[in-house]
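Data first, discussion second: the structure below is written as structure tokens.
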Amino acid sequence: MHRVMALALPDVVAFDLAIPAEVFGDRDHYAFAVCTESPGRVPSTSGWDIHVPLGLDALATADTVVVPGYAPLDEPTQAVLEALRAAAARGARVVSVCTGAFALAAAGLLDDRRATTHWMDAADLAARYPAVDVDPDLLYVDSGNVLTSAGFAAGIDLCLHLVRTDYGPQAAVRAARRLVVAPHRDGGQAQFLERPVPATGAGMAAVCAWALDRLAEPLTVADLARQAGFAPRTFARRFVAETGTTPLRWLAAQRLLEARRLLENSDLTVDEVARRCGLGTAANLRLHMSRDAATTPTAYRRTYRGRPST
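In the numbering used here, the protein residues as written are -2 to 307.
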């Protein structure tokens, strides 16, 4: 039987911990338990404590180690980091839900790997751990024996992906039915997120605000750099450092976000939505929404408004 051990750090996000507990609650396939550094009462971000009787030595028996999110994002103790490294070194699969990625990064387990976390914390993760290839646009990333998920419900998608990997699609479908959730959302599907203008760095905030007012125009990195007062390469480096993503990826995301807003809140045709958000044509908008969220403009509008687009 596959042994799954969740590591509850202080101020654990209760929802993130509940996800693996429920998904891996299938007693026919998994044995699930929770451990912590100091057995006893572990505070949660929900304001109540969790009683955890097992210590870090329990990780030595785990086939999969899951680190749920926690806050504030202080670096775990050396004992925790060493336990995570030891688990990975002996071949255990190590998984994070949401901000649990910060613990994996602190242990060095995400170095030179692609990873994700909640989009609100992605820039912080990239800034703290530059050796990690942080992608804020994904639901989850499977790097073999180390896997990371985006915020909250994306942890369900990752855990169902693990069930599918371990026992096949039918087992994952059964688990999804029990939880009353979608049986499969690909990890490459985007987080349906709102990317705000960066709060830090007056130069980047100003140029982002400028770009948001001109999404319909054919903006380039050179245009953004000129507006910010930097050479293009310098601008690109500073932009990544402040936002955790590249200028073009940020711009593409903003255009898709604007397209979603227009689909949700207006009766504009798909062609007009594509023009206003800077994607040009309805065909191009369909292509981008398919890649970004595995959906179409028509299906997206129907989901959010209950009626088709024209």
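Where a beta carbon is used, it is the ideal one built from N, C-alpha and C, also for glycine.
Quantities reported herein were computed from a predicted structural model and do not represent experimental measurements.
- Item | Buried or exposed (CB count within 10 angstroms, at least 16 for buried), Leu284 | As a first step, residue 284 is located in the sequence shown; it is residue number 287 there, counting from the start. By the 16-neighbour rule on beta-carbons within 10 angstroms, Leu284 is exposed.
- Best match in Thr278, Arg175, Val218 and Thr292 for proximity to Glu19 [C-alpha to C-alpha]: The residue labelled residue 19 in the question sits at position 22 within the sequence shown. Among Thr278, Arg175, Val218 and Thr292, the Cα nearest to that of Glu19 is on Arg175.
- Message: One question on the structure: do Thr42 and Ala15 come within less than 7 Å of each other, judged by their Cβ atoms?
- Response: Counted from its first residue, the sequence shown places residue 42 at position 45. Counted from its first residue, the sequence shown places residue 15 at position 18. Going by C-beta atoms, Thr42 is not nearer than 7 Å to Ala15.
- Where are the beta strand (DSSP E) runs, 3 residues long or more, that stay fully inside the segment 63 to 140, in chain order? If one requires a minimum length of 3 residues, the beta strand (DSSP E) runs lying completely within the segment 63 to 140 are 90 to 93 and 137 to 139, in chain order.
- Under the three-state reduction of DSSP, which class applies to Phe149: helix, strand or coil? By 1-based counting over the sequence shown, the position of residue 149 is 152. Three-state result, Phe149: coil.
- In whole angstroms, what is the alpha-carbon distance linking Val131 and Ala123? Start at 1 with the first residue of the sequence shown, and residue 131 comes out as number 134. Start at 1 with the first residue of the sequence shown, and residue 123 comes out as number 126. The C-alpha of Ala123 is placed about 6 Å away from the C-alpha of Val131.
- In angstroms with no decimal places, state the Cα-to-Cα distance between Ile311 and Leu53. Only positions -2 to 307 of the chain appear in this structure, which leaves residue 311 out of reach.
- Message: Among Gly44, Ala28 and Ala279, whose alpha-carbon lies nearest the alpha-carbon of Asp8?
- Response: Numbered from its first residue, the sequence shown carries residue 8 at position 11. Nearest of Gly44, Ala28 and Ala279 to Asp8, Cα basis: Gly44.
- Item | Spatially closest choice to Leu144 from Trp247, Thr61 and Met2, by CA coordinates | One-based indexing of the sequence shown puts residue 144 at position 147. Nearest option by C-alpha distance: Thr61.
- Query: Are the segment 250 to 264 and the segment 217 to 234 in contact at 8 Å, needing three or more beta carbon pairs?
  - Reply: These segments do not touch.
- Count the other C-beta atoms from every protein chain shown that fall within 10 angstroms of the C-beta of Ala3, then say buried if there are 16 or more, exposed otherwise. Your numbering for residue 3 matches position 6 in the sequence shown. Buried, because 16 or more other Cβ atoms sit within 10 Å of the Cβ of Ala3.
- Message: Quick check on the burial criterion: 16 or more other C-beta atoms within 10 angstroms. Buried or exposed for Asp13?
- Response: The residue given as residue 13 occupies position 16 in the sequence shown. If you draw a 10 Å sphere on the C-beta of Asp13, you find 16 or more other C-beta atoms in it, and that means buried.
- Task: Please name the residue or residues paired with Tyr27 in a DSSP beta bridge.
- Result: Sequence index remark: in the sequence shown, residue 27 carries index 30 (1-based). Answer is His(-1).
- Message: Alpha carbons only, please: which of Thr74, Asp23, Gly22 and His(-1) is nearest the one belonging to Ala5?
- Response: Here residue 5 refers to the residue found at position 8 when the sequence shown is read from its first residue. When each option's Cα is compared against that of Ala5, the closest is Thr74.
- Message: In the DSSP assignment, the alpha helix (DSSP H) including Val308 goes from what residue to what residue?
- Response: What the structure shows of the chain is the stretch from -2 to 307, and residue 308 is not part of that stretch, so it cannot be assessed.
- Query: What is the DSSP secondary structure of Leu6, reduced to helix, strand or coil?
  - Reply: Translated into positions along the sequence shown, residue 6 becomes position 9. Per DSSP, reduced to three states, the secondary structure at Leu6 is coil, with no helix or strand assignment.
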